[in-house]
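Residue numbers (the numbering used here): 43 to 357. Taking it in order: structure first as structure tokens, then the write-up.
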Ligand SMILES: Cc1ncc(C[n+]2csc(CCOP(=O)(O)OP(=O)(O)O)c2C)c(N)n1
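Structure (structure tokens):
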């Protein structure tokens, strides 16, 4: 990995973590309407994948989408305003946490529908293929979503049409409070790829470098017209399914429970001379500042006006 990429990954990882910590505080104060599902702990996946993407590439996200949006380059101030339900938010404050989107950045949206990204990503990839563009679409989804019917439809369609799509499973061990091992008939999500005649790999999703390398391979395949890849990232969410979840289902034996992908990446990057300890400290301090500014921006933004109640309605 080159130094520039490593610094970018470390910056985005810290921005995501600080953002989520701040959302947690704001939610606790009652200043965020609706539900929030925090991404803290899974930063290696979003950053490792997005380090390989350009603005022109598409992603589809999930209900746990803040990390994907930040790594894809969405404006952090406007994200915070959106989550606070404010007028300057990316969706005018009308969508909130589960509808953060910025099509100009290729971020096709967080999604309250579990499994809602499979069709969108396959569709985006079909656009890329039809127009002969040099792009890819990435579908992020959870282990719980892999048990939805649309997972199978999406993978099958992508495979028969050789679509340039990468299915990235964030296996954080739980779908709400249900352990993956209880809910899945297969040992892994990755092995299901063979049923759809595509490569399926299971990697350490706490290691941004492993995610980065696996994504690189998948993009090469997709751009060569060889079709989709399924990457299962073994990870862990630090907090509950949603803010307020008592997490009684977690145990001391949970895989990855005591790991922090940010601490691990910092160590690895310093050992490999991709980043110095001073640069790491500087990035951490800057990320804190970025999020403080985003919070101030969100707080200062007004609520949407009543006159906007019936605008932006499509159906
Ligand atoms: C179609 C649909 N079914 C059920 C739900 C309720 N629900 C929201 S999140 C969730 C769990 C999803 O688990 P997973 O896909 O593993 O993602 P994670 O929360 O672990 O990131 C469920 C069942 C929903 N939003 N949409």
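We treat Cβ as the ideally placed atom computed from N, Cα and C, and that holds for glycine. None of the values given here were measured: they were computed from a predicted structure.
Proximity of residue i and residue j at Cβ, strictly below 8 Å
i	j	result
residue 148	residue 103	no
residue 133	residue 124	yes
residue 101	residue 231	no
residue 126	residue 68	yes
residue 345	residue 129	yes
residue 81	residue 63	no
residue 184	residue 225	no
residue 325	residue 60	no
residue 298	residue 248	yes
residue 121	residue 111	yes
residue 137	residue 193	no
residue 257	residue 94	yes
residue 108	residue 145	no
residue 177	residue 288	no
Close-in-space but distant-in-sequence residues of the same chain around residue i (CB under 8 Å, 5 per side omitted)
i	result
residue 168	203 and 205
residue 236	242
residue 240	197, 200, 201, 269, 270, 271 and 272
Nearest-angstrom Cβ-Cβ length linking residue i and residue j, presumed shorter than 8 Å
i	j	result
residue 55	residue 303	7 Å
residue 310	residue 253	Incorrect: roughly 13 Å between the Cβ atoms, too far for contact.
Contacting residues, own chain, Cβ-Cβ under 7 Å from residue i (five flanking each side not counted)
i	result
residue 238	197, 198 and 201
residue 219	283 and 291
residue 267	204
residue 166	100, 150 and 179
residue 280	82 and 83
residue 260	208, 271 and 273
residue 246	252 and 276
residue 161	192 and 196
residue 159	102, 103, 104, 153, 181, 182 and 183
Backbone secondary structure at residue i - three-state DSSP
i	result
residue 80	coil
residue 264	helix
residue 232	helix
residue 242	strand
residue 296	coil
residue 356	coil
residue 149	strand
residue 204	coil
residue 178	coil
residue 159	helix
residue 193	helix
residue 257	helix
residue 98	coil
residue 272	strand
residue 318	coil
residue 332	helix
Close beta carbons around residue i, own chain, < 6 Å, minus the five adjacent residues each side
i	result
residue 79	105, 106 and 284
residue 175	none
residue 308	322
Interface flag, residue i vs chain D, CB-CB below 8 Å
i	result
residue 110	Annotation note: the requested chain D is absent from the structure, which comprises a single protein chain.
Review point. Any chance the region 268-286 sits against the region 304-315, with 3 or more Cβ pairs inside 8 Å?
Key: no
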